[in-house]
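Respectively, the protein sequence lines represent chains A and B. For the first sequence, the numbering used here begins at 476 and goes up steadily by one. For the second sequence, the numbering used here begins at 10 and goes up steadily by one. C-beta: ideal position from N, C-alpha, C; glycine also.
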Amino acid sequence: QVTLRESGPALVKPTQTLTLTCTFSGFSLSTSEMCVSWIRQSPGKALEWLARIDWDDDKYYTTSLKTRLTISKDTSKNQVVLIMTNMDPVDTGTYYCARTYSSTFRSDFWGQGTLVTVSS
Amino acid sequence: DIQMTQSPSSLSASVGDRVTITCRASQGISNSLAWYQQKPGKAPKLLLYAASRLESGVPSRFSGSGSGTDYTLTISSLQSEDFATYYCQQYYSIVSITFGQGTRLEIK
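Written out as structure tokens, the structure reads:
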């Protein structure tokens, strides 16, 4: 079955760089149409789409955070990494990764999320 | 960015009620719309995509419709497990994927 799990630090200081890893199973990122997306949610707030990486290594970023985000994949390890630089307290929230289909944009399986707090 | 405005922001209803949630885009999105359900402390769950296509395993009481800028999610007969927060998501532009602000569906 398909599973995804996010991992990374629970606490980062302002201006630091956040590195999150999505480890997945049940599908391969070398299969056509397969993608992994990152979405976050500030406490009590709405969802915010961040980035996506596709099976063919195409990468997409939300315009507002493009300069701070880097997404990459390690197909052999079934992992996707999201790096966010210059963290700020407003970046505090739960970060999710999700399997996504490139043709339909369906995000059908999600990880449980990882809470990241930005505080000095 | 394409802005998504959901209404209402919260809604009280009873088991068995028919409920409709609306999502309006700031520009036409050509049915590039998904609906998600989220329960407290849980990840979102995909309900519908392409505005009206039901995700596998989702009960048929959930349906979606709309075109252009205006879309609706309808739950034909509310069940107790449906009380949650619902989000629409537009994916018309890959670099501007946005969610609505959410509709909290509560028990009356």
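The beta-carbon distance between Y100 (chain B) and F580 (chain A), rounded to whole angstroms, is 4 Å. This is short enough to meet the 8 Å contact definition.
For P68 (chain B), the closest alpha carbon among the candidates B:T31, B:G75, B:Q46 and B:G37 is that of B:Q46.
Contact of L114 (chain B) with chain A is not assigned, every C-beta pair being separated by 8 Å or more. About 13 Å separates the beta carbons of T112 (chain B) and P53 (chain B), which is beyond the 8 Å limit, so they are not a contact pair. A34 (chain B): member of the beta strand (DSSP E) spanning V28 to A34, first to last residue. Here the region 556-574 of chain A makes contact with the region 505-517 of chain A; the two share three or more CB pairs at distances below 8 Å.
Using a Cβ-Cβ distance cut-off of 8 Å, the region 64-83 of chain B and the region 491-501 of chain A are not in contact, since fewer than three pairs of beta carbons, one from each stretch, lie closer than that value. For M13 (chain B) and I106 (chain B), the gap between their C-alpha atoms comes out near 10 Å. Under the Cβ distance rule, D563 (chain A) does not count among the residues neighbouring chain B, no pair being separated by less than 8 Å.
Look at K534 (chain A) here: in three-state DSSP terms it is strand. In the DSSP assignment, V24 (chain B) falls outside any beta strand (DSSP E) and carries neither an H nor an E. Taking 8 Å as the cut-off, the beta carbon of L56 (chain B) is found no closer than this to the beta carbon of E115 (chain B).
At a cut-off of 8 Å between C-beta atoms, L522 (chain A) counts as an interface residue with respect to chain B.
For the pair G568 (chain A) and E481 (chain A), the CB atoms are not nearer than the 8 Å cut-off. For a Cβ distance threshold of 9 Å, residue set T537, T538 and S539 of chain A lies close to D10 (chain B), ordered along the chain.
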